[in-house]
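Step one of this worksheet: look at the structure below.
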Amino acid sequence: MNVSLGFSQLKDPILATNEAIGQAIIGLKNAPATLAFIFTSIEFAHPLVLRVANNLLGEIPILGCSSLGIMTNQGVFKHGFAILLLSLSQQTFFNVAAVKDINKKTPLLSGKELGDKLLFGFKNVPRSLSIILSDKLITEGTPLINGLQESLGNSFPLIGASPSDNFGNHKTYQYLNQEMLSESCSGILFGGKFNFGFGIKHGWKPLGKMRCVTSSSGNVIKEINGLAAVKLYEDYFAKNTPDLAKELRRISIYYPLGIYLPGEKEYLLRNIISIKDDGSLVTQGDIPQNSKIRLMISTQDSRLAAVVAACEEAKRSLKAQKIKFLLVFDSAARFSILRKQNDIELCVIKELFGENTPLIGIYTNGEQAPLKSINYLGRTYFHNQSINILAIGEQ
Amino acid sequence: MNPFVYLGVCLVFAILGISLLYKVQRLKELGDKVTALNFSLEEMDEQAKLIMRTDMELNKAQEELDKKISGLDTLQKLSREISTTLEEKQIFKKINNQYVEELGFEKSLAFLWKTLEREFHLYLCLGYSQDESLKIKAAINANKDYFLDLIKTGSTASSEFIPEGALSKNKINQLFLVRSFIICPVLAQEGDQGFIFVGTQNVETSITKGDQEFISILANQIGQTLDNARLFEKTWRSQQELEIKVEERTRQLTVALEEVKKISRRKSDFISSVSHEIRTPLTSIKGYAAILLANKLGTLPDEIRSRLEKINRHSDELVHMVNDLLDISRIESGKVEIRKEALSLRTIADKVADLFSEQLKTKNIDFSSNIPDDCQEILADRSQIERVFINLVGNALKFTPQNGKIDINANRANKIIQIDVKDTGFGIPQDAQESIFEEFFRVDNTINQEVKGTGLGLTLVKHIIEAHQGRIWVKSKVGEGSTFSFTLNTTK
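Chains as they are written, first to last, in the working numbering: chain V, 1037 to 1431; chain D, 50 to 541.
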């Protein structure tokens, strides 16, 4: 496997595309490019950009998305065009696909449809990993995963992310070949000779009494300990619902809910998206009824320790294999908390994997990855505020 | 019942009772512990609430502090960039996406009100497409009264505080396609005024007082720089006008100078030709006078002789004057070739002293020359420079009364030698000093009334010195004497 990176910050999207792809092609040193991951800032999300990329790359499969920021070995950038160009061996199989207009279908069915599309041509080929990129506006991330798992297998490793925009709640875009999609989910399925390891961590610690979700439905928590769910936040922050609603985004980022998962080292985090009139809390990702939950808190040190832990876990699961490249899905909430120091996590990753390990990443509004404990049988869960490091290696 | 059995049953009951009592006691103790634990848990939960609230306040304060530091840093950089700009349009070009983002926004616009066109003109557009900016410009001009009022009152509008007016927060949000904004007037002392807008679509952004202050500072800075730029332009334009005027005047003066030179050349030519024409008959007059005085045509009566001697003397003066005039004319027209050679200054001084020895003796005038060794050698035309010395020493002798003093001094600076001819004569009045080198100028004093002169000597001296690339000037005080100084080049 040969890997090459290209990145440009030129203001003109077409010139930037040319520059970044030029760098990547040169970096591949005559090896035939077989697959490209393209990540761009929101202003580069344009069909013309993809058409140009497709022409320059000779119509190889392209998978990617827009994001509020891009991470590469060079740094963290709010504006730019990044490409990770791969030359995969013939023993590595892959298939790219997308499911469109998810909001017009149910997320479960959409997930299943994407899974079926990804499986096309994979008969008799051992499957390794699927990576998916779904629209940020799809709030029901859990059923989408469930649908995919119905198709790919409940314990099949699934790593994914919902790319974020620049906090404007506008559209996010998914790229598949030369198509720029929205309200969609695009993905790739790898098989054959393909090795990977991943680590996902957040660094938030529980604080206060454990409580029980006494009534919930999907991603809506109606009651906690028999009281309206919003009461928990009202009590903790001494604010009434309207005041809470005003600061919800900040409170939700700094103090998310954590679901207790027996056997897991960290709680599973849930951001609060909104407060309903009846005091229910709408979260990103499901919270099953009877879940034991606590409010969570973090410090910069605990968050950075989580990055270290995620890197080490990814390394550990790859064992002694040579790491060829890293895909980083880092929560936009973390980006927002770090503010001007937003490259500090990148520095930690580079320190642990080495300065020259090719790295490309985006900022996300929800991450998907399996839980590690045996209790969960390798099922993929929807995470919030986490950093998900996927390391691809070669023996 | 067997008493032993009865006793045994009683004992069992007693043991059970005691055990029950013990268990009840234990349960009560455990219950107390659970209550205490619950109490502790509740207490810890309350503490957790306090920690959360404190942490939130700390995070908020930290965020605000970070924002302020970043804002101040950005403002400082921007101020430095803007304040060095002296062109109106360039001021706005210095504000780029990066600066706006560092201030916490991603969109920015700046408009200036053009009084003549009666509309707002766009000077800065960041974060909008061309179509969007055109639409916004049209909408702003459609609501121009609102924005003009903001400028007039100097009020800042933001999504947190909207001054009373026709536009609501939502309408402004829609107009500028944002969720949060600040609009701040750009007030200049003179010329067009306007406003700067910054905004964001970020739902997380809430405008703080600090944000408003930063944008106000930026708007003030732009206003001041606009004033500076306009003042600079005004000054520059005045300077340009002045330069044009100076150029025009210089051109006129050059033309006039050319005219003067032409006239001067004509004058020199005229003097030259007239002098030549005069010299020929003068020579005849002088010749005939000499023949008559030599009694070659018979002895002359004394009266005729004395008249003839006068004719002869006046003819000499006239010849002298004509020669001077011819020399001046030749030097002016460049017809005289100055043949420079190394000369000994001391030798020249001695020669002049020797020439005037009789007169010096008659008037009992003390003559001295002080010429240091490093001033010995001058580079000059021998005959011309001797005329200079003869003229200057002759003048000094003429205007210095009995028992006076005449000094020739020299000193050197680099390759220039300055020679001073100093006398203790009557001196020259201040108002005459400037004209003394002009042709036919004679100082109005008793000596000049008594002693005849052409008024061409010093003019000739000046021309000779200037032909040697030197300079001549006079310092004098009536009653104390005069010093004529001139410069010549040295050979070394």
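Even for Gly, the Cβ is constructed at its ideal location relative to N, Cα and C.
Who are the near neighbours of residue i in its chain, counting only those whose CB is closer than 6 Å to its CB and skipping five residues on each side?
i, result
"histidine 369 of chain D", "none"
"leucine 175 of chain D", "Asn146, Val149 and Ser157"
"lysine 454 of chain D", "Asp415 and Thr473"
"threonine 1178 of chain V", "Gly1321, Asp1322 and Phe1418"
"glycine 1147 of chain V", "Leu1180, Gly1183 and Leu1184"
"leucine 509 of chain D", "Asp373, Asp376 and Ile377"
"leucine 409 of chain D", "Phe416"
List the residues of chain D whose Cβ lies closer than 9 Å to the Cβ of residue i, in chain order.
i, result
"glycine 1147 of chain V", "Chain D residues near glycine 1147 of chain V: none, gap ~28 Å exceeds 9 Å."
"lysine 1360 of chain V", "Residues of chain D passing the Cβ test: none, with the nearest at roughly 34 Å."
Leaving out five residues before and five after residue i in sequence, what residues of the same chain have Cβ atoms less than 7 Å from its Cβ?
i, result
"valine 1161 of chain V", "Phe1129, Gly1227 and Gly1228"
"glutamate 181 of chain D", "Leu226"
"serine 1353 of chain V", "Gly1233 and Phe1234"
What would DSSP say about residue i, mapped onto helix, strand or coil?
i, result
"leucine 1145 of chain V", "helix"
"methionine 93 of chain D", "helix"
"leucine 537 of chain D", "strand"
"glutamine 467 of chain D", "strand"
"phenylalanine 475 of chain D", "coil"
"aspartate 456 of chain D", "strand"
"serine 128 of chain D", "helix"
"arginine 1306 of chain V", "strand"
"alanine 402 of chain D", "helix"
"threonine 1400 of chain V", "strand"
"glutamate 407 of chain D", "helix"
"lysine 1328 of chain V", "strand"
With residue i as the anchor, note down where its alpha helix (DSSP H) starts and where it stops.
i, result
"methionine 370 of chain D", "351–382"
"cysteine 1347 of chain V", "1336–1354"
"threonine 299 of chain D", "258–342"
"lysine 511 of chain D", "506–516"
"tyrosine 1272 of chain V", "1266–1273"
"phenylalanine 448 of chain D", "431–448"
"serine 1170 of chain V", "It is not in any alpha helix (DSSP H) - serine 1170 of chain V instead sits in the beta strand (DSSP E) that spans 1163–1170."
"phenylalanine 544 of chain D", "In the structure as shown, chain D begins at 50 and stops at 541. Residue 544 of chain D is therefore absent and cannot be evaluated."
"cysteine 1383 of chain V", "1380–1389"
Please report the residue range of the beta strand (DSSP E) in which residue i lies.
i, result
"arginine 1247 of chain V", "1241–1253"
"histidine 170 of chain D", "168–175"
"lysine 1360 of chain V", "1358–1367"
"threonine 205 of chain D", "Where threonine 205 of chain D is concerned, there is no enclosing beta strand (DSSP E), given that its DSSP letter is neither H nor E."
"glutamine 1210 of chain V", "1210–1212"
"phenylalanine 1226 of chain V", "1221–1228"
"threonine 1128 of chain V", "1128–1135"
"cysteine 233 of chain D", "229–235"
"tyrosine 1291 of chain V", "Neither: tyrosine 1291 of chain V is in no beta strand (DSSP E) and is coded neither H nor E."
Look at the alpha carbon of residue i and the alpha carbon of residue j, and state the distance between them as a whole number of angstroms.
i, j, result
"glutamate 213 of chain D", "lysine 294 of chain D", "53 Å"
"aspartate 430 of chain D", "threonine 133 of chain D", "59 Å"
"aspartate 318 of chain D", "glutamine 301 of chain D", "25 Å"
"serine 1338 of chain V", "alanine 1197 of chain V", "22 Å"
"serine 1103 of chain V", "valine 1256 of chain V", "27 Å"
"leucine 56 of chain D", "leucine 69 of chain D", "19 Å"
"valine 492 of chain D", "alanine 391 of chain D", "35 Å"
"aspartate 198 of chain D", "isoleucine 185 of chain D", "18 Å"
"asparagine 452 of chain D", "leucine 375 of chain D", "36 Å"
"serine 1288 of chain V", "glycine 1058 of chain V", "42 Å"
"lysine 1114 of chain V", "leucine 1051 of chain V", "17 Å"
"isoleucine 387 of chain D", "tryptophan 522 of chain D", "21 Å"
"lysine 1386 of chain V", "asparagine 1109 of chain V", "8 Å"
"isoleucine 1309 of chain V", "isoleucine 1098 of chain V", "32 Å"
"arginine 1247 of chain V", "isoleucine 1260 of chain V", "7 Å"
"serine 207 of chain D", "serine 255 of chain D", "10 Å"
"isoleucine 513 of chain D", "lysine 400 of chain D", "19 Å"
List the residues of chain V that residue i touches, going by C-beta distances under 9 Å, in chain order.
i, result
"isoleucine 100 of chain D", "Leu1243, Gly1244 and Ile1333"
Residue i versus chain D: which residues are under 8 Å apart at the beta carbon?
i, result
"isoleucine 1287 of chain V", "Met105"
"alanine 1265 of chain V", "Ordered by position in chain D, no residue passes the 8 Å Cβ test against alanine 1265 of chain V, which lies about 17 Å from the chain."
"alanine 1274 of chain V", "Lys98 and Arg102"
Using a Cβ cut-off of 8 Å (strictly closer), state whether residue i contacts chain A.
i, result
"serine 119 of chain D", "Of the chains in the structure shown, none is chain A; the protein chains are V and D."
So which residues of chain V does residue i contact, with C-beta pairs closer than 7 Å?
i, result
"asparagine 108 of chain D", "Tyr1290"
Whose Cβ in chain V lies nearer than 8 Å to the Cβ of residue i?
i, result
"glutamate 150 of chain D", "Lys1114"
What does residue i reach in chain D if we use C-beta pairs closer than 7 Å?
i, result
"asparagine 1376 of chain V", "Note that residue 1376 of chain V is lysine in the sequence shown, not asparagine. By Cβ distance, chain D contributes Asp115 and Ser119."
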